[in-house]
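Just below is one structure, and these are the notes that go with it.
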Amino acid sequence: VKFLTVQPQETIKFDVSPLAVVTFQYTGIDSCPCSNLPPNRIDCNNHGFKICGACKCDESWGGDRCECNKSYETAESLCTNPNTRTVCSDRGTCNYCGKCSCKTAPDGLQYEGEFCQCGRTRCDKFQDQICGGTSRGKCDCDSCNCTENYTGKTCELKNCNVPGLSQNCILPGQTVNCSELGDCVCGECKCNIGQSGQFCEIRTLPYICSDFKNEAICLVHNGSVSEGYDCNATKYVATYKQGKNFQCVMIDNLKCKIYYNFTLDEKGEYIIHVKEFDPVKDCRKPINVFLVTGCVFAALFAIGLLLIGLYLLAMYLYYKADYNRFLKASQSAKPGQTNPLYQPAEGVKNPYTA
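The sequence shown begins at 1 in UniProt numbering and counts up by one.
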């Protein structure tokens with residue numbers, strides 16, 4: 001609202017209605033009565049006068065209560081970060097009162113602290129998150145302030161000194177750590193081989209397949225396969241099932257493949273599902289030893305004949321080429337030509353007539 005000039009003792013009224021109508025009444029006065037009061041220097045730290053509720057400071061002083069010396073050297077010393085020896089940590093400006101006015105960081109958040117030394121997103125990351133994420137800690141003045149359960153520069157380590165941390169290793173409804181199938185280390189279960197899950201309560205493949213192989217064999221052969229398998233000691237319910245998606249495959253004593261998997265019922269007991277057995281498709285046919293031996297000898301004999309034939313062909317081609325070279329040399333020879341190395345006899349002596 002912009003006030004117009006009002007004469008002393010003149011009264012005006014005006015309405016303002018952004019949402020509702022509000023009526024203002026303004027009466028002009030000759031002068032401010034407070035200017036007639038004696039000067040007050042105490043409220044202005046003896047460096048100025050309090051006039052009409054506000055301090056009018058002396059020339060070399062400033063601030064709301066004239067508490068600041070306008071000497072830049074004095075203010076700069078108050079704004080200097082003792083750790084970095086820089087004014088406002090190079091992240092702000094220093095006013096006459098020796099206080100830092102912090103700038104905005106590149107991430108859009110304003111720097112904080114007495115010397116603008118604190119940034120809320122300038123901490124190191126763990127698992128691509130600042131301080132490992134809000135569940136582990138938060139960035140406070142360029143360093144991670146971790147929650148109770150974590151420690152480290154980036155809150156990357158478990159704090160193993162938290163009381164009652166071992167309770168995180170107990171499956172609800174139980175009283176033992178890690179289902180007695182692993183060790184509780186710093187509030188987390190380190191499971192034995194073949195176990196998984198938060199509390200080591202889950203049996204993993206292929207170990208669980210091995211646990212159920214007896215039941216699968218007995219179900220496939222209706223108890224007829226007893227060698228090495230006790231079909232009367234099965235611990236789980238087993239049923240037939242059609243389909244192709246079976247997690248477990250094994251070969252029994254008859255060299256037959258058995259496909260099976262498992263589920264849990266409402267009571268937490270396993271139910272074994274076995275693929276319908278086909279002796280023709282699932283069992284390996286016996287090997288005919290005589291047929292295999294005969295095929296091997298026949299193949300060796302054929303290979304021997306082939307090698308001999310290749311050798312004879314190579315010899316034939318070699319001798320043929322040599323004979324052709326001989327014929328060519330005979331046709332190119334000149335008749336009556338004397339060997340340059342030949343020397344005729346100079347004389348003949350008969351030993352009987354000599």
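Every residue gets a Cβ at the ideal spot worked out from N, C-alpha and C, and that includes glycine. All of these numbers come straight from a predicted model, not from anything done at the bench.
Point to revise | Nearest-angstrom Cβ-Cβ length linking Cys-186 and Asn-177, presumed shorter than 8 Å | key: Wrong, their Cβ atoms sit about 12 Å apart, outside the cutoff.
Point to revise | Bridge partner(s) assigned by DSSP for Gln-343 | key: Answer is none; Gln-343 lacks a bridge partner.
Review point. What whole-angstrom Cβ distance do Lys-158 and Asn-149 have, given they're in contact under 8 Å?
Key: 7 Å
Review point. So the alpha helix (DSSP H) residue 372 belongs to, where does it begin and stop?
Key: Since the displayed the chain opens at 1 and closes at 354, residue 372 lies outside it and no answer follows.
Review point. Leaving out five residues before and five after Leu-310 in sequence, what residues of the same chain have Cβ atoms less than 8 Å from its Cβ?
Key: none
Check your understanding: Which full runs of the beta strand (DSSP E) of 3+ residues lie inside the stretch 78-119, going along the chain?
Key -> 92-94 and 100-102
Check your understanding: According to the neighbour-count rule (16 or more other Cβ atoms, all chains shown, within 10 Å of its Cβ), is Phe-326 buried or exposed?
Key -> By the 10 Å Cβ count, Phe-326 comes out exposed.
Practice item. Figure out for me which residue from Lys-213, Ser-330, Cys-118 and Ala-302 has the closest Cα to the Cα of Ile-272. Key: Distance from the Cα of Ile-272 is smallest, within the candidate group Lys-213, Ser-330, Cys-118 and Ala-302, for Lys-213.
Practice item. Pull up the distance between the alpha-carbon of Cys-160 and that of Cys-248, whole angstroms please. Key: 39 Å
Review point. Does the separation of the CB atoms of Ser-89 and Phe-115 fall below 8 Å?
Key: yes
Exercise for review: List the endpoints of the continuous alpha helix (DSSP H) containing Lys-328.
Suggested key: 289-332
Review point. Leaving out five residues before and five after Ser-60 in sequence, what residues of the same chain have Cβ atoms less than 6 Å from its Cβ?
Key: Lys-70
Review point. CB-CB under 8 Å to Ser-224, same chain, minus the five flanking residues each way: which ones, in chain order?
Key: Its pLDDT being 47, under 50, Ser-224 is placed unreliably by the model, and nothing is read from it.
Review point. When the Cα atoms are used, what is the spatial distance from Ile-51 to Asn-45?
Key: 14 Å
Exercise for review: Pick helix, strand or coil for Glu-156, following the three-state DSSP scheme.
Suggested key: In the structure shown, Glu-156 sits in coil (DSSP, three-state: anything other than H, G, I, E or B).
Practice item. Measure the alpha-carbon distance for Asn-350 versus Gln-331 and round it to whole angstroms. Key: 40 Å
Check your understanding: Between Leu-181 and Asp-211, what straight-line distance do the alpha-carbon atoms span, to the nearest angstrom?
Key -> Leu-181 and Asp-211 have their C-alpha atoms spaced approximately 16 Å apart.
Point to revise | Alpha carbon of Val-87 to alpha carbon of Cys-79, nearest angstrom | key: 5 Å
Review point. Assuming Cys-146 and Cys-123 make a contact with CB atoms under 8 Å, what is their CB distance in whole Å?
Key: With a Cβ gap of about 11 Å, Cys-146 and Cys-123 do not count as contacting.
Exercise for review: Could you tell me the distance, in whole angstroms, from the CA atom of Gly-133 to the CA atom of Asp-107?
Suggested key: 17 Å
Review point. Who does Gln-195 pair with in a DSSP beta bridge?
Key: Arg-203
Exercise for review: For the beta strand (DSSP E) containing Asp-140, list its first residue and its last residue.
Suggested key: Counted as a single uninterrupted DSSP element, the beta strand (DSSP E) harbouring Asp-140 occupies residues 137-140.
Practice item. Measure the C-alpha to C-alpha separation of Arg-65 and Cys-100 and round it to an integer number of angstroms. Key: 18 Å
Point to revise | Segment limits, alpha helix (DSSP H) that includes Asp-282 | key: 279-282
Exercise for review: Starting from Asn-145, trace the beta strand (DSSP E) both ways and give me its first and last residue.
Suggested key: 143-146
Check your understanding: Is it the case that the Cβ atoms of Gly-173 and Cys-155 are separated by a distance below 8 Å?
Key -> Judged by beta-carbon spacing, Cys-155 lies beyond the 8 Å limit of Gly-173, meaning their Cβ atoms are not closer than that value.
Point to revise | Ile-251, enclosing beta strand (DSSP E) - first and last residue | key: 248-251
Practice item. Sort Leu-254, Cys-118, Asp-43 and Phe-297 by Cα distance to Cys-141 and report the nearest one. Key: Cys-118
Check your understanding: So who's on the other strand from Asp-183, going by DSSP bridges?
Key -> In DSSP, Asp-183 forms a bridge with Lys-190.
Check your understanding: Which partner residues does Gly-62 have in the DSSP bridge list?
Key -> Cys-68
Practice item. Within 10 angstroms of the Cβ of Ala-345, are there 16 or more other Cβ atoms? Answer buried if so, exposed if not. Key: exposed
Review point. What is the rounded straight-line gap between the Cα of Leu-165 and the Cα of Arg-203?
Key: For the pair Leu-165 and Arg-203, the Cα-to-Cα distance works out to about 25 Å.
Check your understanding: Within this structure, are the beta carbons of Ser-179 and Glu-201 separated by less than 8 Å?
Key -> yes
**Study point:** Cys-102 beta carbon less than 8 Å from that of Gly-63
**Key:** Result no, Cβ atoms of Gly-63 and Cys-102 do not sit closer than 8 Å.
Check your understanding: alpha helix (DSSP H) containing Cys-218: first to last residue?
Key -> 213-220
Point to revise | For Thr-151, the residue or residues it bridges with in DSSP | key: Leu-157
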